[in-house]
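>
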Amino acid sequence: MSGVALDPKTAPVFPMAARTALADTQMRKNVRHATDVIQAKRARVVAEMPDWQQLREAGKQIRQHTMEHLDFYLEQFEENCTRAGGVVHWARDAEEARKIVTALVKASGSDEVIKIKSMTTEEIHLNDALEAAGIHAYETDLAELIIQLGEDQPSHIVVPALHKNRQQIREIFQRKMNLPELGETPQDLADAARMFLREKFLRIKTGVSGANFLIAETGGVCIVESEGNGRMCLTLPETLITIAGIDKVVPRFQDLEVLLQLLPRSATGERMNPYNSIWTGVKPGDGPQTFHVVLMDNARTDILADKEGRQTLNCIRCGACQNACPVYRQTGGQAYGSVYAGPIGAILTPQLQQMHHAQSLPFASSLCGACYEVCPVKINIPEVLIHLRAKVVNQNTAGITGLFDFEAAAMTAMAMIFKSERRFRAAQRLGRMAETPLVRKDGQGVGWISWLPGMLGGWTQVRDLQEMPKETFRDWWERRGKNGN
Amino acid sequence: MRVSLFITCYNDTLFPETGKSVVKVLERLGHSVEFPAGQTCCGQMHYNTGYQFEAMPLVQRFVDQFRGAEAVVVPSSSCVAMMKDHYPKMAASLKDEKLRADVDALLPRVYEFSEFLTRGLGLVDVGAYYPHRVTYHASCHGLRNLELGDGPLRLLKAVRGIDLVPLEGLEQCCGFGGTFAIKNAEVSSAMLSEKTTAVLNTGAEACTACDNSCLMHIQGALHRQKTGVKTVHLAEILAGDEGTTR
Ligand code: SF4
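Taken in sequence, the protein lines are chains A and B.
The opening position of the first sequence corresponds to residue 1 in full-length UniProt numbering, with each subsequent residue numbered one higher.
The opening position of the second sequence corresponds to residue 1 in full-length UniProt numbering, with each subsequent residue numbered one higher.
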């Protein structure tokens, strides 16, 4: 998968991609270890907060309110950002966003940019577009740098290189930074990255960033990070270009009080991010003198228009749902075929793609609810998954091809059965007859099925199925009634 | 109290012992039990797989069967979660005010079996005897949607003769997830193998839970691997008495 951009349009369906991922023992070990560590830290700092549930509720309310009045807050942001000396651009889709950013970089007179980690730029494959225009983008976030140098793809929205361990990272650095003698302590690796990046920070005059939040009230942009590399990109360049989904806006400066408590604790298990940067427009003689914000829709207004899917936009990209998800923990992120992996990816990606492609993603969940439990803004991910599943089913069963859908036919037949007690009893009897040729008795005389045909064969790959009992509960109940107990 | 049972299509067809045990426990506690014959299925499989339209008529059926019930007891946490989480929405989407009102009136009287004992009746000791080494798996829907907490564990602790051993990763999903186990068979088995490893590590003779769907899944692997470890629904443990050997 490495090198090839994660793109739902070309990605294999989830069960296929998962098969490949499951075979990668090293990757699974890395993901398991990393998510265990983050989850334990998260649990510790969340337990410190007696009002965590109220905070979550407050976070949810803020996000929900914003989405209900998104047009208002976006215009307010534009107005205030412009007043502070920023230039606001609107991009309808990924294509438009790429064009705008590329043109802005060219206008800055540079053919290189330094970048702050941003999933939005990954979403639109910005680096490839820049490269095609003759502009080289350098990732400065340590994890993103590892991904870029390793010609790999991100597997987590907060910790994109979480699927790599220290030895693998060292190997990439040795090769790509030309450091055959590189040591293997975290300090050695951090030093190498620092040396590598310092030269870029000091030389390159154009920066590209994403945004954690856009503040409507002030026109400010907020970025939180752990390493300080982002702050270098925000202060050293002459031109700064920020690209953000329109969902990133929050109404008031004060709302950060809630969100900046929820985000770091959920994301990395820290009480506060080591670096919190908020900048508003430009200041003569201080920081970038040219500042652009690209506000990108890219299907977000469609999501907004869908009453049941809308809560997806409340996401603050903390990644807690990924760490908690048992499916993600088995497969890692790349199996999702999109830069948004795990539970949030399973609901966001299909909607960003207008339900084209990525149709297997809403089914890549056991609906265990662990994601909902940890989500700091209480997005009911299982509910959205079920909503999207219904959309997929409606698409698949529409028209003439729908008539040949085996699953749909089975589901319709089952629904008919459940509509009548008589039919249900008949089906129970029929089931017992139908299974008979498949049943084998074990040593204790209990019947088991270890092979099922067709779609159901998924079950018997690793599991047996006990034969149906001779008497159903309802038959027993009737017999008991007749015998007067 | 007169308790109405919803035994669920799954338990009725595949795990009748669970229903019988529920009857036994409730009668032993002095309650009368009824089983409305017209009940079939709660609609969970259809609804969760995306066939919402097909699940709709089952809301009306459920209400019709249980409208007058004092308490409805269901030995399946996922079926209760289905009703509590989705029935009000489903009734609303049918634009049927009457049904919506009926659902709202009925749902507070619907209990998962262990929940009925601990919260409905305020009991911990139901007079059970079960002289075996047992470990308990917390099914996701019971744990998160119904917030059963340690209710089932408190019931188990009060069982005489039991040797209750804790399960590592108690709250981890077993990987069943209904049609997930078929659509994503490989991932489901990877999750399952962690669960069975944890179960085997306890050295228990049996693994119990409040949901036969998880148990069927876990049992399927324990049997395939010839481990000799069984699964048993919580109700069957609570039904155990001095005269019973399983
Ligand atoms: S859905 Fe919730 S838990 Fe997942 S990344 Fe978004 S905010 Fe975090």
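C-beta: ideal position from N, C-alpha, C; glycine also.
With the cut-off set at 9 Å, would you say Leu156 (chain B) and His137 (chain B) are in Cβ contact?
No. Outside cutoff.
> Buried or exposed, going by whether 16 or more other CB atoms sit within 10 Å of the CB of Gly161 (chain B)?
Exposed, since its Cβ has fewer than 16 Cβ neighbours within 10 Å.
> Count the other CB atoms within 10 Å of the CB of Ser108 (chain A); is the residue buried (16 or more) or exposed (fewer)?
Buried, because 16 or more other Cβ atoms sit within 10 Å of the Cβ of Ser108 (chain A).
> Looking only at DSSP bridge pairs, what is Arg2 (chain B) linked to?
Arg2 (chain B) is bridged to B:Ser32.
> Tell me whether Val250 (chain A) counts as near ligand 1, meaning its Cβ is closer than 8 Å to at least one heavy atom of that ligand.
False, no ligand heavy atom lies under 8 Å from that Cβ.
> Sort B:His31, B:Gln39, B:Gly203 and B:Val23 by Cα distance to Tyr10 (chain B) and report the nearest one.
Comparing Cα positions, the closest option is B:Gln39.
> Against Asp464 (chain A), what residues of chain B qualify as contacts under a CB-to-CB distance less than 7 Å, listed in chain order?
Simply Gly220, His223 and Arg224.
> Quick one, which residues of the region 353-371 of chain A are near chain B if we go by CB-CB under 9 Å, in chain order?
Cβ contacts with chain B come from Ser360, Pro362, Phe363, Ala364, Ser365, Ser366, Leu367, Cys368, Gly369 and Ala370.
> With 16 as the cutoff for other CB atoms within 10 Å, does Glu131 (chain A) come out buried or exposed?
Flag for Glu131 (chain A) reads exposed.
> Helix or strand or just coil, what does DSSP make of Asn276 (chain A)?
Looking at Asn276 (chain A) - three-state DSSP - the assignment turns out to be strand.
> Should Asn178 (chain A) go down as buried or exposed, given a rule of 16 or more other Cβ atoms within 10 Å for buried?
So Asn178 (chain A) ends up on the exposed side.
> Which runs of the beta strand (DSSP E) spanning at least 3 residues fall entirely within the region 31-61 of chain B, listed in chain order?
Segments of the beta strand (DSSP E) lying fully in the region 31-61 of chain B: 32-34.
> Report the residue from A:Lys29, A:Gly431 and A:Lys283 whose alpha carbon sits nearest the alpha carbon of Leu234 (chain A).
Nearest option by C-alpha distance: A:Lys283.
> Is Ser76 (chain B) near ligand 1 - that is, is its Cβ less than 8 Å away from at least one heavy atom of it?
Ser76 (chain B) Cβ: outside cutoff for every heavy atom of ligand 1.
> Taking all protein chains shown into account, do 16 or more other C-beta atoms lie within 10 angstroms of the C-beta of Thr245 (chain B), making it buried, or fewer, making it exposed?
Note that Thr245 (chain B) scores 49 on pLDDT, short of 50, meaning its location in the model is unreliable; the coordinates nonetheless yield the value given after this. Exposed: under 16 other Cβ atoms inside 10 Å.
> Got a sec? Which residues, its chain only, sit under 6 Å from Gln359 (chain A) by beta carbon, not counting five neighbours each side?
Hits under 6 Å: Val392.
> Determine the direct distance from the alpha carbon of Asp96 (chain B) to that of Thr197 (chain B), and round the result to whole angstroms.
One C-alpha to the other measures close to 48 Å.
> Express the C-alpha separation of Gly183 (chain A) and Glu171 (chain A) in angstroms, rounding to a whole number.
Cα to Cα, the separation comes out at about 10 Å.
> Considering Trp476 (chain A), what are the terminal residues of the beta strand (DSSP E) in which it resides?
Trp476 (chain A) -> not in any beta strand (DSSP E); alpha helix (DSSP H) instead, spanning Phe473 to Lys482.
> By how many angstroms is the C-alpha of Phe72 (chain A) removed from the C-alpha of Glu78 (chain A)?
The straight-line gap from Cα to Cα measures roughly 10 Å.
> I'd like the ranges of any beta strand (DSSP E) spanning at least 3 consecutive residues and lying wholly in the region 49-129 of chain A.
Counting only runs of 3 or more, we get 87-91 and 112-115.
> Please confirm whether Met90 (chain B) has its beta-carbon closer than 9 Å to some beta-carbon of chain A.
No, its Cβ sits nowhere closer than 9 Å to a Cβ of chain A.
> If you check the beta carbons only, do Leu148 (chain B) and Glu112 (chain B) fall under 9 Å apart?
Closer than 9 Å, so yes.
> Leaving aside the five residues before and after Ala43 (chain A) along the sequence, list all residues of the same chain whose C-beta is less than 6 Å from its C-beta, in chain order.
For Ala43 (chain A), where only same-chain residues beyond five positions count, there are no Cβ hits under 6 Å.
> Note down, in chain order, all residues in the region 331-352 of chain A with a beta-carbon under 7 Å from any beta-carbon belonging to chain B.
Under the 7 Å Cβ criterion, the region 331-352 of chain A contributes Thr331.
> Determine the chain A residues that contact Ser189 (chain B) at a beta-carbon separation under 8 Å, and present them in chain order.
Neighbours of Ser189 (chain B) on chain A, chain order: Gln461, Val462 and Arg463.
> Answer with buried or exposed for Glu34 (chain B), where buried requires no fewer than 16 other C-beta atoms within 10 angstroms of its C-beta.
With fewer than 16 other Cβ atoms within 10 Å, it is exposed.
> Would you kindly work out how many angstroms separate the C-alpha atoms of Glu373 (chain A) and Ser366 (chain A), rounded to a whole number?
Looking at the two C-alpha atoms, the distance is approximately 14 Å.
> Helix or strand or just coil, what does DSSP make of Trp459 (chain A)?
If DSSP states are grouped into helix, strand and coil, Trp459 (chain A) belongs with the helices.
> Is there a C-beta anywhere in chain A that falls below 9 Å from the one on Ala209 (chain B)?
No, Ala209 (chain B) does not count as interfacial toward chain A.
> Does the region 251-258 of chain A touch the region 298-307 of chain A, meaning 3 or more C-beta pairs lie closer than 8 Å?
No, the region 298-307 of chain A does not touch the region 251-258 of chain A.
> Grouping DSSP H, G and I as helix and E and B as strand, with all else coil, what is Gly142 (chain B)?
Of the three classes helix, strand and coil, the one that applies to Gly142 (chain B) here is helix, per DSSP.
> Assign His33 (chain A) to buried or exposed, taking buried as 16 or more other Cβ atoms, counted over all protein chains shown, within 10 Å of its Cβ.
Label assigned to His33 (chain A): exposed.
> Please go through the same chain and pick out, in chain order, the residues whose beta-carbon is closer than 8 Å to the beta-carbon of Glu70 (chain B), but skip the five residues on each side of it.
Taken in chain order, the residues that qualify are Met1, Arg2, Val3, Ser4 and Arg109.
> Interface residues of chain B around Phe406 (chain A) at Cβ under 9 Å?
None at all; the shortest Cβ gap to chain B is about 12 Å.
> Can you name the residues of chain A whose CB is closer than 9 Å to the CB of Ala181 (chain B)?
The contacting residues are Ser366, Gly458, Trp459 and Arg463.
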